C-alpha cells in the first residue's frame, strides 16, 4: 500500500465525482469518487460535525479485486487505514496501521462497524461501514480532519490477490497492484440524516 506523490497526482486528475444515496441506509447520500480501475469510494459524515467525527464509508470493487485499502490521512504510514475484501457473499473489514512500508498491522485505535449495503455477488463486492477513530489521530504528529474542508486528501490501494484467510480480519495479504489518491469536500459530505441512518445499526 505504498503511495507515491506522482501516483496520487495522477489519480486526482482522473477521478470522477458524483453523489449516491443508499436505499438500505434511509437514502443516506454519499459523496462518490470512482477510479479509472473501477473501484468506487463513497463517504458521508454528520451535519455539523466536529473534530473526531464518525464517518460512513462505502467501497465498491469489481469481483476480481482481491482487497482494497483506504487511507484516512492520504498516505500509507502513521494514519488510520481501513482495509476490506470479499469473503464469499459477505465482506471482511480490517482496521490497520502501518508505521513503515510493510504489511500494515491490525489496530484497535479505530473501529469499523458493518452497515447495510455490504455484500458480494458475481460482478462486484461492497463494503459499507461506520468508521470511528478514523478522522483524528496522534501517531507522533497529532492530526484531525477538517469536517468543513472542501478539498481533503485521502489515498487508496488495491490488490489483485485475495488475502490468505478471507474470513480473518487479521489475515495477511499481498502488496498492492494499484494505488492512488482522491480529494473530497467533507463539507459537501455532511448529511442531516446521518445519525438516524447509522445509529440504529
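Residue numbers (mature numbering (1 follows the signal peptide of the UniProt record, and there is no 0)): -18 to -1, 1 to 183. Even glycine gets a Cβ: it sits at the ideal position worked out from N, Cα and C. Treat the numbers as computed from the prediction; the structure is a model and nothing was measured.
Check	Outcome
Proximity to residue 128 [Cα-Cα], best of 78, 12, 116 and 32	32
Ordered list of beta strand (DSSP E) runs contained in the segment 33 to 72, each at least 3 residues	37 to 44, 49 to 53 and 63 to 69
Cross-strand partners of residue 120 (DSSP beta bridge)	124
Own chain, CB closer than 8 Å to residue 144, minus 5 neighbours either side, in chain order	48, 49, 67, 68 and 155
Residue 167 in three-state terms, based on DSSP	coil
C-beta contact flag for residue 27 and residue 36 at 9 Å	yes
Limits of the alpha helix (DSSP H) - the one that residue 159 falls within	From DSSP, residue 159 is part of no alpha helix (DSSP H); its letter is neither H nor E.
Cβ pair residue 151, residue 106 closer than 9 Å	no
Opposing strand residues paired with residue 2 [DSSP bridges]	12
Three or more C-beta pairs below 8 Å linking the segment 69 to 85 and the segment 2 to 12	no
Residue 179 - DSSP class collapsed to helix/strand/coil	helix
For residue 88, the residue or residues it bridges with in DSSP	78
Neighbourhood of residue 46 by C-beta, 8 Å cutoff - its chain only, sequence neighbours within 5 removed	142
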